[in-house]
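For reference, each letter of the sequence shown is one residue, going 692 to 997 in the working numbering. Glycine included, C-beta positions come from ideal geometry on N, C-alpha and C. Remarks on the structure that follows.
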Amino acid sequence: MSTDDAHDETTDQLVFQNPVSRYPVVEAPKQDQPEPGLDAGLEPKTDRGQHSYRGTGRLKGRRALITGADSGIGAAVAIALAREGADVALNYLPDEEEDAQWVKGQIEDAGRKVVLLPGDLTERSFCEQLPDRAADELGGLDLLINNAGKQIAQDSIEDISDEQFTDTFTVNIIAMFRITKSALKHMPAGSTIVNSTSIQAYSPSPTLLDYASTKAAINNFTKGLAQQLAPKGIRVNAVAPGPIWTPLQVSDGQPKEKLPQFGQNTPLGRAGQPTELAPAYVFLSSPESSYVVGETLNVNGGRPTP
Ligand code: NAD
Ligand code: MG
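Below, the structure is given as structure tokens:
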């Protein structure tokens with residue numbers, strides 16, 4: 692272990708490795724960040740694949756747009772897509788520029804083109820224009836990762852403001868609708884869409900009433916849209932993470948008292964690292980998964996799913 696990163700010392704270890712001990716148990720110190728949280732301020736740091744992800748050219752020449760691409764799972768997916776040969780447009784909030792610059796550097800190191808498209812997904816016109824701008828700058832668009840998410844824990848429904856409830860739905864599912872709808876005109880047969888859902892879709896925490904409801908909606912949206920677009924040669928799938936150590940969790944995504952044990956109630960006994968999600972997104976985006984349509988791939992440390 693280096694002092695600043697949670698990463699494997701040698702990539703060779705990935706060939707044969709105990710998933711229980713691949714990473715240390717996250718025992719997070721008390722911390723709080725304003726929303727949106729930054730990877731730059733997270734303790735302990737995460738593995739976004741910067742030292743370990745090895746590409747094999749599976750997405751060579753693809754042109755990708757990722758939302759929430761600056762940090763956490765989105766950052767790990769951006770790094771993986773670039774190392775698999777894709778050019779990548781990154782969307783994130785303007786306040787997350789520091790994290791986005793780090794991801795940009797990783798993509799440039801992989802020798803791929805990177806386009807930065809900061810902006811707020813609660814704005815309808817921004818969502819509608821985002822795929823057009825990505826396609827314009829990348830010379831096309833054939834890979835969409837709808838990954839941005841808002842998660843604010845509240846003990847009681849009476850503590851959830853109307854604004855929080857509405858914003859969570861706007862970022863998590865309404866923006867997904869708007870971006871996907873606008874992206875389709877650019878996407879030829881062979882294109883893929885992967886949506887970030889959650890184990891919360893079918894195993895909701897009582898503190899995440901609004902968030903968990905949006906994830907159930909995302910699952911349903913994914914399965915419906917997948918059937919609509921399959922005949923056109925566009926595949927839609929979802930990835931359902933379990934507890935993953937990201938800035939989302941320390942910017943009020945979890946009740947503060949739960950942070951030190953975060954992820955320890957999984958069969959693997961630890962929280963996941965963002966890079967452990969990346970292969971699922973790569974698989975669902977690559978032509979290798981050509982017969983996988985409307986699927987939800989669970990990456991959750993072993994929790995049973997429906
Ligand atoms: P993260 O905080 O690193 O990423 C979430 C991103 O969403 C932010 O970086 C931000 O750029 C984006 N976002 C939020 N509000 C936005 C807005 N108004 N406009 C534009 N962008 C906005 O956290 P993460 O855990 O990597 O989350 C990525 C996805 O994974 C989310 O959809 C989340 O719901 C999902 N997920 C995470 C976990 C987990 O345990 N971390 C579990 C299940 C699902
Ligand atoms: Mg972020």
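Next on the checklist: For a test of your reading of the model: does the CB of residue 910 fall under 7 Å from any non-hydrogen atom of ligand 1? Yes or no.
Outcome noted: Position 219 of the sequence shown, counted from the first residue, corresponds to residue 910. False, no ligand heavy atom lies under 7 Å from that Cβ.
Next on the checklist: Short of 6 Å in beta carbon distance, which residues of its chain neighbour residue 777, apart from the five on each side in sequence? Order them along the chain.
Outcome noted: By one-based count along the sequence shown, residue 777 stands at place 86. Here the set comprises 750, 753, 755.
Next on the checklist: Quick check on the DSSP output: the beta strand (DSSP E) that includes residue 805 runs from which residue to which?
Outcome noted: For this step, residue 805 is matched to residue 114 along the sequence shown. 805 to 807 is the extent of the beta strand (DSSP E) around residue 805.
Next on the checklist: Under DSSP, the alpha helix (DSSP H) around residue 999 begins and ends at which residues?
Outcome noted: Missing from the structure shown is residue 999; the chain here goes from 692 to 997 and no further.
Checklist entry - CA-CA distance, residue 821 and residue 993? => result The residue given as residue 821 occupies position 130 in the sequence shown. The residue given as residue 993 occupies position 302 in the sequence shown. So the two alpha carbons sit approximately 35 Å from each other.
Item to check | Bridge partners - residue 802, DSSP secondary structure assignment | outcome: On the sequence shown, position 111 is the one that residue 802 refers to. Answer is none; residue 802 lacks a bridge partner.
Item to check | N-terminal and C-terminal residue of the alpha helix (DSSP H) that residue 887 is part of | outcome: Here the question's residue 887 lines up with position 196 in the sequence shown. That residue, residue 887, is in no alpha helix (DSSP H); its beta strand (DSSP E) goes 883 to 887.
Checklist entry - Nearest to residue 908 by alpha carbon, out of 865, 767, 780? => result Translated into the one-based positions of the sequence shown, residue 908 becomes position 217. It is 865.
Checklist entry - If you draw a straight line from the alpha carbon of residue 793 to that of residue 979, how long is it in whole angstroms? => result Position 102 of the sequence shown, counted from the start, is the residue given in the question as residue 793. Position 288 of the sequence shown, counted from the start, is the residue given in the question as residue 979. Whole-angstrom Cα-Cα distance: 30 Å.
Checklist entry - Taking only beta-carbon atoms, is residue 953 less than 8 Å away from chain D? => result No chain D appears in this structure, which consists of one protein chain only.
Next on the checklist: So for residue 991, helix, strand or coil by DSSP?
Outcome noted: Here residue 991 is taken as the residue at index 300 of the sequence shown, counted from 1. Residue 991 falls in the coil class under three-state DSSP.
Next on the checklist: Three or more C-beta pairs under 8 Å: does that hold for the region 981 to 990 against the region 920 to 934?
Outcome noted: yes
Next on the checklist: Just verifying my parser: in three-state terms, what is the DSSP assignment at residue 779?
Outcome noted: Position 88 of the sequence shown, counted from the first residue, corresponds to residue 779. DSSP places residue 779 in strand when its eight states are reduced to three.
Next on the checklist: What does the Cβ neighbour count give for residue 953, buried or exposed, with the cut at 16 atoms within 10 Å?
Outcome noted: Residue numbering aside, residue 953 sits at position 262 when the sequence shown is read from its first letter. It counts as buried.
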